[in-house]
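Residue numbers (my numbering): 285 to 804.
Built from N, CA and C at the ideal position, the CB exists for glycine as well.
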């Protein structure tokens, strides 16, 4: 075997060993890497209040009279009993004449209407509020500046330069003028000969700073000297940008001058985050419901006053059966003292937003629940109005669009369900064909490729795997509904960096470590 061939074989063996070593080392290094995963129960929303269409209302009959008595009313006599049939115009009870104050009741109603409007304005503001980011990370942006750093002045070939008649230069560099990064001259020095010489016998020079402008101009304007410009550069912090950790959107920025002073600033918004905003909206919904029901009660009290004569006698306005009657010596002002029903059908009225009109149909079933007793029942929608309500209605939910018009609907239910006429009820509607898992996860956990949307999920073996998911609607631009593919019991990785590598080992943490300074 020739020496050349032998050397070639040895070289190939060495290369093979090196490649194998690198491969083993790479796999060992990869095996030591770990991806953080967080339980979805820590970062996701489940059963979000906005998934269902929600409203509220009060139970009525197609033809019914509810007699509320205002606080302070004194009952002198009751002329009927529960279960009795009465005719329109018949006396139901008599109250003390002095307790009939219609004008004062109308003032109470005006105040209640104004209070309801205030609560509705608060709700509109909340619904139009952009939630503040819960976590923010920052990124610094640097900029490199190139500028004229100095001008050197050399004696032109074949010329002699005399500085103030004191010294004559025949060649070489005579002076240098330095500049700041913003272009302003900072210093000029001239090289003056000394009486000393170096080891080669050549004259040594020292720098002399020129302070007088006329001395500097002797250098700048001389036709005996040739200027040569030198460039310098430096890097400085131009800006700091702040991003919403969940959405990746810019939420704040600070710009700096060359000197490091703040040039302009867009502050990171503070206030309620998405979860806090949802809680505030829920609280405001409750306040609106209570104020609305109070207004209705006052209006019923006024109706009772209007339907009584000058002698304090309260008259029936419909013919029907006394379905409820409280006792005169111990009654609840917050409930109707009497109810007359002319039919056996009970109804509730609620409102839906215009963006749900195509999803709610006559014949659909709604769930109702009494505020007072907690009793629930199923009601069937019997009508949906073609025209929007003038006062906005009593609707919330879905997209939370405060600019949407609302439409009234009616639904009937069994009168034996244990929910009485006059009862305030919550109404929940599941739109026809609506598909919802009630699981919302942060947008930053979702990536897309040609096959669709996916997440990086920890499998049963404790390693990462790519899992495709079916997504639904967006919540506040920060969360995305997951219709299928994963459940709230899964753990997901941030799908970038090590968190994007299938097969990597997982380490479960409550929350991701990297919040400020970047993601992964």
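Straight-line spacing of the CA atoms in residue 425 and residue 542 works out to 13 Å. Residue 733 carries a strand assignment under DSSP once its states are collapsed to helix, strand and coil. Ranked by how close their Cα comes to the Cα of residue 645, the residues 668, 770, 626 have 668 in first place. Contact annotation, residue 695 with residue 663: C-beta distance approximately 4 Å; criterion of less than 8 Å satisfied. If you draw a straight line from the Cα of residue 629 to the Cα of residue 344, it is about 9 Å long.
Within the DSSP bridge table, the entry for residue 726 names 763 as partners. Look at residue 374 here: in three-state DSSP terms it is coil, with no helix or strand label. For residue 407, there is no enclosing beta strand (DSSP E); the residue is found in the alpha helix (DSSP H) stretching over 386 to 411.
Note that the stretch 511 to 521 touches the stretch 418 to 435; at least 3 beta-carbon pairs, one per stretch, sit closer than 8 Å. Residue nearest to residue 741 within the set 782, 601, 650, 593 is 782 (criterion: CA-CA distance).
Taking C-beta separations shorter than 7 Å and ignoring five residues to either side along the sequence, the partners of residue 747 in its chain run 787, 788, 789, 790, following chain order. Annotated three-state conformation of residue 780 is coil, per DSSP.
In the structure shown, residue 640 adopts helical secondary structure according to DSSP, grouped into three states.
Scanning its chain for C-beta atoms nearer than 7 Å, with the 5 sequence neighbours on each side dropped, one finds around residue 548 the residues 539, in chain order. In this chain, the alpha helix (DSSP H) harbouring residue 588 covers 558 to 590. Cβ-Cβ distances below 6 Å link residue 399 to 575 in the same chain, with the five nearest sequence neighbours on each side left out; the list follows chain order. If you check the CB distance, residue 636 and residue 337 come in under 7 Å.
With respect to residue 581, residue 352 sits close: the two C-beta atoms are nearer than 7 Å. In the structure shown, residue 499 falls within a helical segment according to DSSP collapsed to helix, strand and coil.
Closest in C-alpha terms to residue 614, from the list 322, 327, 324, 359, comes 359. Excluding sequence positions up to five before and after residue 439, its CB lies within less than 7 Å of the CB of 445, 453, 454, 455, 456, 458, 508, 509, all in the same chain and listed in chain order.
Across the set 390, 529, 756, the C-alpha of 529 shows the shortest separation from the C-alpha of residue 796. Under the rule that a run must span 4 or more residues, the alpha helix (DSSP H) segments found entirely inside the stretch 492 to 546 read 497 to 504. Residue 598 sits buried, since 16 or more C-beta atoms from the chains shown fall within 10 Å of its C-beta. Distances from the alpha-carbon of residue 775 to those of 317, 318, 324, 319 put 324 closest.
Scanning its chain for C-beta atoms nearer than 6 Å, with the 5 sequence neighbours on each side dropped, one finds around residue 604 the residues 624, 625, 626, in chain order. Scanning its chain for C-beta atoms nearer than 6 Å, with the 5 sequence neighbours on each side dropped, one finds around residue 371 the residues 603, in chain order.
DSSP links residue 552 through a beta bridge to no other residue.
Residue 792 counts as exposed, since fewer than 16 other beta carbons sit within 10 angstroms of its beta carbon. In this structure residue 592 is buried. Its beta-carbon is surrounded by 16 or more other beta-carbon atoms within 10 angstroms.
Note on residue 339: 16 or more other CB atoms within 10 angstroms of its CB, so buried under the neighbour-count rule. Residue 318 and residue 755 have their alpha carbons spaced roughly 28 Å apart. Residue 712 is not a Cβ neighbour of residue 764, given a cutoff of 7 Å. Residue 368 places its beta carbon less than 7 Å from that of residue 606. Rounded to the nearest angstrom, the gap between the Cα atoms of residue 421 and residue 769 is 29 Å.
Residue 599: member of the beta strand (DSSP E) spanning 597 to 599, first to last residue.
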